[in-house]
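In this text, residue positions in the sequence shown follow numbering that gives the first Met the number 0: the first is 0, and each later residue adds one.
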Amino acid sequence: MAWPALQIPLRQPAFVTQAMQVVYPTRCLGCGTLVEGAGGLCPICWRDTPFIGGLTCDCCGVPLPGESDGAEYCDDCLSADRSWQRGRAALLYDGQARRLVMALKHGDRLDIAPVTARWMARVAQPLLRPETLIAPVPLHWTRMLKRRFNQAALLAEAVARYTGHAYCPDLLQRGRATKSTKGQGRAARFAEMQGAFKLHPRRRHRLIGRPVLLVDDVMTTGATLNAAAATCHAAGASDLSVLLLARADKSPYISSKS
């Protein structure tokens, strides 16, 4: 059975766009200087933004050296038991990319989401099938009250619009408020996130037998995504992929996954 993709038009009439650019000229997301078009970054900030290209880990999207005709995997994904199958990331979490993520996440820069989601939609193409359901990694309600928005949901909704795929903003719920894992090791992070998510009781029918693409802003160890993906698998998803705005780089090298 195939699920129809959700088609949401993104383009507005040309005269509306031109009028908006006169009233609200486009500025670089990084430095604020005026820029032409909707690219989001001036030439200098574009040059300083670490976009991911070439060979990447097929599971988490981190860049790998060399070339290959097959799927290759980084050390992290070879040593960790991932609950998802494939993944991609648009940026390395460093320099200008880190500043963009932090501005979106903690600086109320919601204008960053539509532009960066376009970059994510491009790298997501190998992960998508016609019936793929796109969903964000959720925040706990207490965090939502403090922040007022979920940056992963903003990115996921925009990616769904750009790609024409179905979107479910509340597929998952954060069942408990997890403690900050900043500075903790891999084992502590995975232990803290275990059982943190649950499926929305009225969304199971949208997931059963269907591929799911989970979207988040940043991945470091993958503990959060692992817990979210495991919840989707247990609920009946056919397979899981992850899409990230940025991936922390730990200098992996090419290996073959058995």
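Backbone N, C-alpha and C fix where the C-beta goes; we use that ideal spot for every residue, glycine too.
So for residue i, helix, strand or coil by DSSP?
i	result
Ala-228	helix
Gly-86	strand
Ile-111	helix
Leu-307	This structure gives no information on residue 307, because the portion of the chain shown stretches from 0 to 257.
Asp-238	strand
Gln-20	A caution first: Gln-20 carries a pLDDT of 42, below 50, which makes its placement in the model too unreliable to give a value.
Could you tell me the boundaries of the alpha helix (DSSP H) in which residue i lies?
i	result
Ala-123	No alpha helix (DSSP H) holds Ala-123; DSSP gives it neither H nor E.
Arg-26	Where Arg-26 is concerned, there is no enclosing alpha helix (DSSP H), given that its DSSP letter is neither H nor E.
Gly-94	94 to 105
For the putative contact between residue i and residue j, defined by C-beta atoms under 8 Å, what is the C-beta separation to the nearest angstrom?
i	j	result
Ala-134	Leu-171	6 Å
Thr-115	Ala-89	7 Å
Pro-125	Arg-87	7 Å
Asp-215	Leu-243	6 Å
Ala-259	Met-192	Lying outside 0 to 257, the shown extent of the chain, residue 259 is not represented and no answer is given.
Ala-245	Val-100	5 Å
Leu-40	Gly-52	No, Leu-40 and Gly-52 are not in contact; Cβ-Cβ is about 16 Å, not under 8 Å.
Quick one: what's got a C-beta closer than 8 Å to residue i's C-beta in the same chain, skipping five residues either side?
i	result
Arg-26	Thr-32, Leu-33, Val-34
Arg-202	Cys-167, Asp-169, Leu-170
Ala-112	Leu-103, Gln-150, Leu-153, Leu-154, Ala-157
Ile-207	Ala-234, Gly-235, Ala-236
Thr-230	Leu-171, Phe-196, Lys-197, Leu-198
Asp-68	none
Is there a C-beta anywhere in chain B that falls below 7 Å from the one on residue i?
i	result
Leu-212	The chain labelled as chain B is not found in the depicted structure, where only one protein chain is given.
Leaving out five residues before and five after residue i in sequence, what residues of the same chain have Cβ atoms less than 7 Å from its Cβ?
i	result
Asp-47	Gly-94, Gln-95
Glu-66	Leu-54
Arg-128	Pro-210
Leu-224	Trp-83, Val-136, Leu-213, Asp-215, Met-218, Val-241
Arg-117	Tyr-161
Arg-173	Pro-137, Leu-138, His-139, Ala-195, Phe-196
Met-143	Asn-149
Cys-76	Cys-56, Cys-58, Cys-59
Who are the Cβ neighbours of residue i in its own chain at under 6 Å, not counting the five residues just before and after it?
i	result
Asp-238	Gln-84, Pro-210
Thr-131	His-164, Pro-210, Leu-212
Ala-176	His-139, Thr-141
Ala-247	Tyr-92, Thr-219
Arg-258	Coverage of the chain is limited to positions 0 through 257, which leaves residue 258 absent and any answer about it impossible.
Pick out the complete alpha helix (DSSP H) segments inside the region 127 to 211, 4 residues or longer, and give them in chain order.
140 to 146, 150 to 162, 185 to 192, 203 to 206
Which complete alpha helix (DSSP H) runs does the region 29 to 84 hold, if anything under 4 residues is left out?
42 to 46, 74 to 78
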